[in-house]
Amino acid sequence: MLRLADDVKESLSLRSAHEILELLSIWKSVSVRELCEFTGYSRNQVYQALSKLVEAGLVRKRGAGVFELAEDELARRLADVYRYMLVRELSTKVLTLLSSIKGESPVREAVLLMRKYEPIFKSELKWAAHSLAEYIGESSAMENR
9 MLRLADDVKE SLSLRSAHEI LELLSIWKSV SVRELCEFTG YSRNQVYQAL SKLVEAGLVR
69 KRGAGVFELA EDELARRLAD VYRYMLVREL STKVLTLLSS IKGESPVREA VLLMRKYEPI
129 FKSELKWAAH SLAEYIGESS AMENR
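Position 67 (the sequence shown) corresponds to 75 in my numbering; numbering is contiguous.
This is the structure we're talking about:
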C-alpha cells in the first residue's frame with residue numbers, strides 16, 4: 009500500500025490542487041495565467057495550491073510563472089490516474105454534448121472543452137475531437153446564414 013506523507017495529504021486536501029494536477033497531467037507545463045483561465049480560480053488561489061504542491065514535491069517551478077509535474081514516481085502515478093479519469097469524464101461529456109444539439113450553450117461548451125483539454129483530445133480522444141470540430145463547424149455555418 010502506498011503511504012502518503014503529511015505534506016502530500018495536505019496538498020491533496022485542496023480542490024484547486026486536484027484541478028491543477030489534472031491540467032499538469034495533460035499539458036506537462038502550464039503558466040499561472042493559464043491555470044487561472046482554465047480553472048476560474050484567482051491568482052492567489054492558484055499560487056496557494058501550487059505552493060502546497062511544490063512543498064509536497066509533486067510540482068516544480070519551471071520558469072517565471074510556469075509550473076510542471078515533478079519527475080517523481082508519485083507525481084507520475086497521480087498524473088496517470090488523472091488522465092484515466094479525465095478520458096472517461098470527457099468521453100461522457102462529449103457524448104452528452106453531441107446528443108443535446110440545441111442552441112448556443114453546447115457550442116460554447118464544446119469550444120471550451122476542446123481548448124482546455126486539447127492535448128488529451130489529440131492523444132486519446134481523436135474521435136471526440138473530430139466529432140466536436142464537425143459540430144462546431146456546422147453550428148457556426150448555421151449562425152452565419
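From the three backbone atoms N, C-alpha and C, an ideal C-beta is built for every residue, glycine too.
- In this structure, Ile28 and Leu58 form a Cβ contact; the two beta carbons are roughly 7 Å apart against a cut-off of 8 Å.
- In this structure the region 30 to 44 touches the region 124 to 139; the number of beta carbon pairs closer than 8 Å is three or more.
- Within its own chain, the residues whose Cβ lies closer than 6 Å to the Cβ of Val74, once the five positions on either side in sequence are excluded, are Ser37 and Ser39, listed in chain order.
- Counting only the Cα atoms, Arg41 lies some 21 Å from Leu20.
- With distances taken between CA atoms, Leu121 lies nearest to Leu98 out of Leu43, Gly65, Leu98 and Ala87.
- Contact between Leu105 and Ala83 is ruled out by a C-beta separation of about 31 Å, above the 8 Å threshold.
- Within the same chain, and ignoring the five residues on either side of Ala87 in sequence, the residues whose Cβ sits closer than 8 Å to its Cβ are Leu29, Leu32, Ser33 and Leu77.
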